[in-house]
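Undergrad: Sending over a structure as structure tokens; questions will come in a sec.
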Amino acid sequence: MKIDCRYSLLNGLVLLSLLLYPAYPTFSAGEPVILIQPFANLSGAEHDWFAVGIADRLHSALARVPDVRVIHERERQVVEEELGRQQHGQVYSPLRVGMATGASAVLTGSYQVSGTTLRVIINLVSVETTETEWSRSVDGPIEAPFALQDRVVRLLLTDCAMFALSEIQIQSALGDTTRNNESGIAPEAYAHLARARKIIDAEEYDRFDNAIRELLQAIERAPDFLEAYGDLVQMLTRWDLNKTSYFDMASAVERGLKDLSEKETISIHERAYAITLHYQLSEYYGVNGDPLRPADEDNLIRARTLLETSGDAESMAYVHTLMSLGNHYYRSEDYAKAGQCYKLVMEKLRIIKNIYYTLITTYDLAQTESKLSNHGRAMELVRTGLRLADAEPFSGTRRQAVAYWLAGRISEESDSLENARGYYAKALEWFKAQRTALPLPWQKQYALLLADTGSLERRLENNADALENLRKSEELFLKLSSDSTEQYWRAGGVPSWILLEIARCYSHPTLEIGWISYYEKAIEADLHDTLPREEYAGIWFDMHEYGTALKYYKDALETARKYGTIQAYQEFNVALCYEYLSEYVLAVEHYGNALSIDSSDAEAQYNRGMIRYCHLNQKENGRNDIQRACENGYAGICEGPINCQE
45 MKIDCRYSLL NGLVLLSLLL YPAYPTFSAG EPVILIQPFA NLSGAEHDWF AVGIADRLHS
105 ALARVPDVRV IHERERQVVE EELGRQQHGQ VYSPLRVGMA TGASAVLTGS YQVSGTTLRV
165 IINLVSVETT ETEWSRSVDG PIEAPFALQD RVVRLLLTDC AMFALSEIQI QSALGDTTRN
225 NESGIAPEAY AHLARARKII DAEEYDRFDN AIRELLQAIE RAPDFLEAYG DLVQMLTRWD
285 LNKTSYFDMA SAVERGLKDL SEKETISIHE RAYAITLHYQ LSEYYGVNGD PLRPADEDNL
345 IRARTLLETS GDAESMAYVH TLMSLGNHYY RSEDYAKAGQ CYKLVMEKLR IIKNIYYTLI
405 TTYDLAQTES KLSNHGRAME LVRTGLRLAD AEPFSGTRRQ AVAYWLAGRI SEESDSLENA
465 RGYYAKALEW FKAQRTALPL PWQKQYALLL ADTGSLERRL ENNADALENL RKSEELFLKL
525 SSDSTEQYWR AGGVPSWILL EIARCYSHPT LEIGWISYYE KAIEADLHDT LPREEYAGIW
585 FDMHEYGTAL KYYKDALETA RKYGTIQAYQ EFNVALCYEY LSEYVLAVEH YGNALSIDSS
645 DAEAQYNRGM IRYCHLNQKE NGRNDIQRAC ENGYAGICEG PINCQE
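Under the working numbering, the first residue of the sequence shown carries the number 45, and numbering increases by one thereafter.
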């Protein structure tokens, strides 16, 4: 009997970043890197939109200034999330966020409405010295907010010593204002975006439908509003929303992004961003077909070419495009190409000096090296990542815990099981310490880490400890699946591989009770996965219940045939059951199918030969099969006369 014992640890662990962010202009070491923090609204909530609007205007203007890089809002948000601001009720200082993003200065401020007057206060703070380098206030009529935004930008670019641009340079930075006035992105669109972000930032899961509606209305008001598209893609992918209507929506958003990426009226950076968002959405949901379509690779290569030919091959836009391309190759299991992309990303990040993305890419590259069986190099990269995570500002964060988790996985893959146990324990320490504060997606990661720890203990033959961790994981997944927020977050029940691991524990001689039910649960949990059926069939086969074994082997074979993944061993297992049931014609047929997939399968050749010679009166065909099997290295009897009694 042949059973393919394929099993991949961390099937559900997402270490690769799912977020792809907008583009930034070229810069080199020593040039200003600006983090724009949200402006504080000191008036009523009806004016929240202005905070988003002025940040967008400052970003679009500074992005046109030569030799300046601007940290995008999406990058700022993800770094603040990584630092745990939302989870622990802490407000991390803008300077700490700036340090993590590689910023040299932080631009922030506030605004207040008094009657018909809007006053904006703007400050520029040095990350290195923590001193306020520049501060001004600007007043203007509330009915002309966009003109006031332009005045704020003009004052910053002329009066601040960091910039001090000429009038021609300022005009270039202000650029075409059609995307920032009433004929482009209207205040109403910004207002919808601001309301959506309040819900997302507060992680109000029961109001996520409202946030999505706000983003859709923002896009309806401004069809080219990439910020709103970016937030919508973030929600549809990062938060694992699970409603049928979301899939229809994802398809519509994907089409919108595709159309947007073809427009000549937007900048090259915006086009590259639209392409990477389009890839992210199609890859994650598999909208309109297989998520690993060649067209995705073609689009990402097009975005890369756009940036290279425009002289932006040293920009964060280029980095994110390469990360997306690397992720595509990784999920396509082309690990050599994925590694090439990640290595190039690392080279660019040495120039850009962004700590967060250096950390992520270090882990991405480590996983790729592990997939290529370069375990020593993979561990070296993980240790590098741990050194980065040990330092400010990521010490004691989830990113550090995930690094230990990854180190454990790589150690396990290289059969350093005791080392793996130590790394998993360190990762568990962080998750257990944060247990009551973990948001839903992190609770899912905690459940997966428990399962991986249990799987390792089973390999170490500590079945009681293994079962304890695996059952805790199962209970947490069941809780997440039945939670009232399930409609907003995809818990998806207990993963099949975890149920399979529990079944393996129970089928151990010391824990006999319960193995049947858990194998059946594993089969039901993932109707696409053939492994639970094959292992279940193997147990029935060993108990000489060949009819039951055949039922599950055939089920696995039909599943593999449906998805075009048939392997020779699957046909062999069905043939062997038919042989033990004396169904010789069917046995010969399936041995033949196995040989058509793998002509070097000497055991299948020998078995078919013996059936033909001994049971079907096909002496010559039988002899030929047996002879070829012996020539191919069959380890059985290959000398003397054929004995049908053996």
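Yeah, the Cβ is synthetic: ideal placement off N, Cα and C, and Gly gets one too. Quick caveat, the model's predicted, so the values are computed rather than measured.
Which complete alpha helix (DSSP H) runs does the region 382 to 441 hold, if anything under 4 residues is left out?
TA: Counting only runs of 4 or more, we get 399 to 415, 419 to 434.
Undergrad: Around the Cβ of L571, are there at least 16 other Cβ atoms within 10 angstroms (buried) or fewer (exposed)?
TA: Exposed, since its Cβ has fewer than 16 Cβ neighbours within 10 Å.
Undergrad: Quick one, which of D183, L199, T174 has its alpha-carbon nearest Q156's?
TA: Answer by Cα proximity: D183.
Undergrad: I need the boundaries of the beta strand (DSSP E) containing E306, first residue and last residue.
TA: Counting along the chain, E306 falls outside any beta strand (DSSP E), and DSSP gives it neither H nor E.
Undergrad: Could you compute how far the alpha carbon of E675 sits from the alpha carbon of E327?
TA: Rounded to the nearest angstrom, the two C-alpha atoms are 47 Å apart.
Undergrad: For D356, does the three-state DSSP call read helix, strand or coil?
TA: Note: D356 maps to coil in three-state DSSP.
Undergrad: Give the list of continuous beta strand (DSSP E) stretches no shorter than 3 residues that lie fully inside the region 476 to 519.
TA: Qualifying beta strand (DSSP E) stretches: none in this window.
Undergrad: Rounded to the nearest angstrom, what separates T70 and P189 at their Cα positions?
TA: The pLDDT assigned to T70 is 32, lower than 50, so where the model puts this residue is not dependable; a value taken from the coordinates is nonetheless given after this. Taking the straight line from one Cα to the other gives about 30 Å.
Undergrad: Going by Cα to Cα distance, which pick from L620, D573, T609 is closest to E589?
TA: That would be L620, whose Cα lies nearest to the Cα of E589.
Undergrad: Counting only the same chain and skipping the five closest in sequence on each side, list residues whose C-beta sits under 7 Å from that of S487.
TA: A small correction: the amino acid at residue 487 is Gln; Ser does not occupy that position in the sequence shown. Within the same chain, Q487 has close Cβ partners L520, L524.
Undergrad: Which residues bound the beta strand (DSSP E) around A25?
TA: This structure leaves residue 25 out entirely; the chain is present only between 45 and 690.
Undergrad: Quick check on L524: does DSSP put it in helix, strand or coil?
TA: Helix at L524.
Undergrad: On the DSSP bridge assignment, give the partners of I165 in chain order.
TA: DSSP output for I165 lists S154, S181 as bridge partner(s).
Undergrad: Would you kindly work out how many angstroms separate the C-alpha atoms of T529 and A147, rounded to a whole number?
TA: Note that T529 scores a pLDDT of 49, beneath 50, so its modelled location is shaky and nothing firm can be said.
Undergrad: So, are the CB atoms of I243 and A255 less than 9 Å apart?
TA: Yes, these two residues count as a Cβ contact at 9 Å.
Undergrad: Taking only the alpha-carbon atoms, compute the straight-line gap between S295 and Y323 and give it to the nearest angstrom.
TA: Rounded to whole angstroms, S295 to Y323 spans 12 Å at the Cα level.
Undergrad: Do you know whose CA, among R239, K598, V164, lies nearest E90's CA?
TA: Taking only the C-alpha atoms, the option nearest E90 is R239.
Undergrad: What does the Cβ neighbour count give for T161, buried or exposed, with the cut at 16 atoms within 10 Å?
TA: Answer is exposed; the Cβ neighbour count stays below 16.
Undergrad: Let's test the definition: count the other Cβ atoms within 10 Å of the Cβ of Y563 and tell me whether it reaches 16, buried, or not, exposed.
TA: Counting Cβ neighbours within 10 Å, Y563 comes out buried, since at least 16 surround it.
Undergrad: Within 10 angstroms of its Cβ, does Q614 collect 16 or more other Cβ (buried), or is it exposed?
TA: Buried, since its Cβ has 16 or more Cβ neighbours within 10 Å.
Undergrad: Do T152 and I80 have their C-beta atoms closer together than 9 Å?
TA: Contact flag set, yes.
Undergrad: Roughly how many whole angstroms lie between the Cα atoms of H634 and N617?
TA: Near 9 Å, if we compare the C-alpha coordinates of N617 and H634.
Undergrad: Run the CB neighbour count on K565, radius 10 Å, all protein chains shown included, and call it buried at 16 or more, exposed below.
TA: K565 comes out buried.
Undergrad: For the beta strand (DSSP E) that contains R113, what are its first and last residues?
TA: Segment 113 to 115, the beta strand (DSSP E) holding R113.
Undergrad: Just mark Y65 as buried or exposed, buried being the case when its beta carbon has 16 or more other beta carbons within 10 Å.
TA: Residue placement at Y65 is flagged as unreliable, the pLDDT there being 34, under the threshold of 50; the coordinate-derived value follows with that caveat. Answer is buried; the Cβ neighbour count reaches 16.
Undergrad: Write down the C-beta distance between M654 and G636 rounded to the nearest angstrom, noting that I regard them as a contact closer than 8 Å.
TA: Not quite, the Cβ-Cβ distance comes to about 14 Å (not below 8 Å), so this is no contact.
Undergrad: If you draw a straight line from the C-alpha of Y657 to the C-alpha of E664, how long is it?
TA: So the alpha carbons of these two residues sit roughly 7 Å apart.
Undergrad: Please check the pair E456 and L500, which I expect to be a contact at CB under 8 Å, by giving their CB distance rounded to whole angstroms.
TA: Going by Cβ atoms, the distance from E456 to L500 rounds to 6 Å, so yes, they are a contact pair.
Undergrad: Exposed or buried, what is I98 when buried is set at 16 or more other beta-carbons lying within 10 Å of its beta-carbon?
TA: Counting Cβ neighbours within 10 Å, I98 comes out buried, since at least 16 surround it.
Undergrad: Can you tell me whether K498 is buried or exposed? The criterion is at least 16 other CB atoms within 10 Å of its CB, across all chains shown.
TA: Sequence check: residue 498 is Gly here, not Lys. That one is buried.
Undergrad: Does DSSP put T173 in a helix, a strand or coil?
TA: Residue state, collapsed to three classes: coil.
Undergrad: Where does I670 fall in DSSP's three states?
TA: If DSSP states are grouped into helix, strand and coil, I670 belongs with the helices.
Undergrad: Please state if the CB of L393 and the CB of T365 are separated by a distance shorter than 9 Å.
TA: Going by C-beta atoms, T365 is not nearer than 9 Å to L393.
Undergrad: When the Cβ atoms of the region 375 to 382 are set against those of the region 346 to 359, are three or more pairs found closer than 8 Å?
TA: No: fewer than three Cβ pairs fall under 8 Å.
Undergrad: Of the choices L200, K476, S354, whose alpha-carbon is the least far from that of G440?
TA: Minimum Cα distance to G440 is reached at K476.
Undergrad: Among V122, M143, A547, which has the Cα closest to the Cα of I78?
TA: Cα-wise, what sits closest to I78 is M143.
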